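Numbers 15 to 318, taken from our numbering, label the letters of the sequence shown in order.
Notes follow the structure.
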Amino acid sequence: MVHGGAGTLDDAQRRAKGDAWRTAIGTVLAHGRRLLTHGACAVEVVESCVVLLEDDPLFNAGRGSVLNEVGAVEMDAAIMDGRDLTAGAVAGVHHLANPVVLASRLMRDDGPVMLVGEGAMRLAARCGLTQVGDDYFRLPERLAQLEQAREQQTTMLDHVAEAPTDETGRYGTVGAVARDLEGHLAAATSTGGMVNKRVGRVGDSPLIGAGVYADDETCAVSSTGHGEDFMRCVIAKTIADYIDMQGMDARQAVDAGIAYLVRRVKGLGGVIVIDRHGNCASGFSTRNMIHGWIEHGGDAAVRL
Numbered sequence: 015m016v017h018g019g020a021g022t023l024d025d026a027q028r029r030a031k032g033d034a035w036r037t038a039i040g041t042v043l044a045h046g047r048r049l050l051t052h053g054a055c056a057v058e059v060v061e062s063c064v065v066l067l068e069d070d071p072l073f074n075a076g077r078g079s080v081l082n083e084v085g086a087v088e089m090d091a092a093i094m095d096g097r098d099l100t101a102g103a104v105a106g107v108h109h110l111a112n113p114v115v116l117a118s119r120l121m122r123d124d125g126p127v128m129l130v131g132e133g134a135m136r137l138a139a140r141c142g143l144t145q146v147g148d149d150y151f152r153l154p155e156r157l158a159q160l161e162q163a164r165e166q167q168t169t170m171l172d173h174v175a176e177a178p179t180d181e182t183g184r185y186g187t188v189g190a191v192a193r194d195l196e197g198h199l200a201a202a203t204s205t206g207g208m209v210n211k212r213v214g215r216v217g218d219s220p221l222i223g224a225g226v227y228a229d230d231e232t233c234a235v236s237s238t239g240h241g242e243d244f245m246r247c248v249i250a251k252t253i254a255d256y257i258d259m260q261g262m263d264a265r266q267a268v269d270a271g272i273a274y275l276v277r278r279v280k281g282l283g284g285v286i287v288i289d290r291h292g293n294c295a296s297g298f299s300t301r302n303m304i305h306g307w308i309e310h311g312g313d314a315a316v317r318l
């Protein structure tokens, strides 16, 4: 399963970007299927799928990341391996085409689970990850979004269509969850955050248990939406706990998790989940969520 953000799509956005979104999600699903069929492990698959999404300027991650209050990109990403609960997370990184790759390197580094800012960038340099210039991120649409937000003196979720940033046609955070041929689970999430956000602001995406979670004994989860809501509800771990402690399947746990999010904090967003049996489920409290899945070797399905 993969997603490209949860929010509200109006008819104009569907006409303008619907085909591009469907094609992008379908391409990533096909890529993930090929990797799994050839025996790749789940954690390799989610990393590779998120890299493709980060490279696509349609989405608010990697190249398509929104700009903060000083016109710079600050990106967050996390990845988790359900086999042994190893995880890596980075926040406030810049000049990297693929933050999820840095998170993956950190996961394999046998050290901290999370690095932020300069510490994360020092690791990127040690790992030899290629850095890109500001022009890679400063897309005309993103600059226009920032200018509109500054004029209104506000911050905006890129994936909320009622915001004055609609015309970019871009949705938010990206993520992937997978179950491999050995039955192992993994999840990854990546984002550029909020338009005109405060320097240093970090949302739920890189926080283990909020924006991402994977455990072979329960499920794999990737979240998208208003980060502060998901952080307060620790929504990814909450869904895993419903499976672990109440014996729910993926569908039941997602429904219960979204209901809890709405009841407790009126939260906006969504999740994609694969449980340990390979059952896929998605849920969202917004009008739409860009996502797709391939379940039990069947055909790919894409929903906007």
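Using N, Cα and C, we set each Cβ at its ideal position, and we do this for glycine too.
Note that the coordinates shown come from a computational prediction; the quantities given were computed from them, not determined experimentally.
Taking 8 Å as the cut-off, the beta carbon of residue 284 is found closer than this to the beta carbon of residue 298. Following the DSSP letters along the chain, one finds residue 55 in no alpha helix (DSSP H), marked with neither H nor E.
The beta strand (DSSP E) runs of length 3 or more contained entirely in the stretch 86-113 are, from start to end of the chain, 89-95, 100-107. Closest in C-alpha terms to residue 95, from the list 234, 50, 84, comes 234. By a beta-carbon distance limit of 8 Å, residue 74 does not contact residue 211. Their separation comes to about 11 Å. If you check the CB distance, residue 225 and residue 244 come in under 8 Å. For residue 21, the enclosing beta strand (DSSP E) starts and ends at 16-21. Residue 303 is a Cβ neighbour of residue 20, given a cutoff of 8 Å. Under the criterion of beta carbons closer than 8 Å, residue 232 and residue 290 qualify as touching, at roughly 6 Å.
Between the alpha carbons of residue 260 and residue 150 lies a distance of about 46 Å. When the Cα atoms are used, residue 207 and residue 108 turn out to be separated by approximately 12 Å. Just measuring C-alpha positions, the residue of 251, 275, 237 sitting nearest residue 296 is 237. Looking at 17, 33, 314, 32, the one whose alpha-carbon comes closest to that of residue 60 is 17. The shortest CA-to-CA distance from residue 222 to any of 54, 47, 103, 167 is the one to 103. Taking C-beta separations shorter than 7 Å and ignoring five residues to either side along the sequence, the partners of residue 84 in its chain run 213, following chain order. When secondary structure is reduced to three states using DSSP, residue 145 falls in the strand class. For the set 148, 242, 93, the Cα lying nearest the Cα of residue 282 is the one of 242. For the stretch 241-287, the continuous alpha helix (DSSP H) assignments of 4+ residues that do not extend past its boundaries occur at 241-247, 249-260, 264-279, in sequence order.
When the beta-carbon positions are compared, residue 247 and residue 275 come within less than 8 Å of each other. As DSSP reads the structure, residue 289 sits in a beta bridge with 233. Distance from the CA atom of residue 38 to the CA atom of residue 132, rounded to whole angstroms, is 32 Å.
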